[in-house]
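Student: Read left to right, the sequence shown gives residues 88 to 140 (our numbering).
Sharing a structure here in structure tokens format.
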Amino acid sequence: MGNRGMEDLIQVVNGLQDSFAALGRDVPIDLPQIAVVGGQSAGKSSVLENFVG
Numbered sequence: 088m089g090n091r092g093m094e095d096l097i098q099v100v101n102g103l104q105d106s107f108a109a110l111g112r113d114v115p116i117d118l119p120q121i122a123v124v125g126g127q128s129a130g131k132s133s134v135l136e137n138f139v140g
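As structure tokens, this is what we get:
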């Protein structure tokens, strides 16, 4: 998907949340959450980039 694709997806999800809020509906959008822990220059960013493409 790449960085641009992720940025587009985030904008879409944010727009959906705003639309639901404007309608007075609380519709949670469950997105996956992940934490990557490691030392400096241990490859954390590379691991995340492999997940999102």
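Virtual Cβ for every residue (Gly too), placed ideally from N, Cα, C.
List the whole-angstrom C-beta distance separating L116 from L103, where the pair is believed to meet the contact cut-off of C-beta under 8 angstroms.
Tutor: For clarity, residue 116 is Ile in the given sequence; the question names Leu instead. With a Cβ gap of about 7 angstroms, I116 and L103 count as contacting.
Student: Just the C-alpha distance for S132 and F138, rounded to the nearest angstrom, thanks.
Tutor: 10 angstroms
Student: For the alpha helix (DSSP H) containing D110, name the first residue and the last one.
Tutor: The sequence shown places Leu at residue 110, not Asp. That residue, L110, is in no alpha helix (DSSP H); it is neither H nor E in DSSP.
Student: Between the C-alpha atoms of N101 and F107, what's the straight-line distance to the nearest angstrom?
Tutor: 10 angstroms
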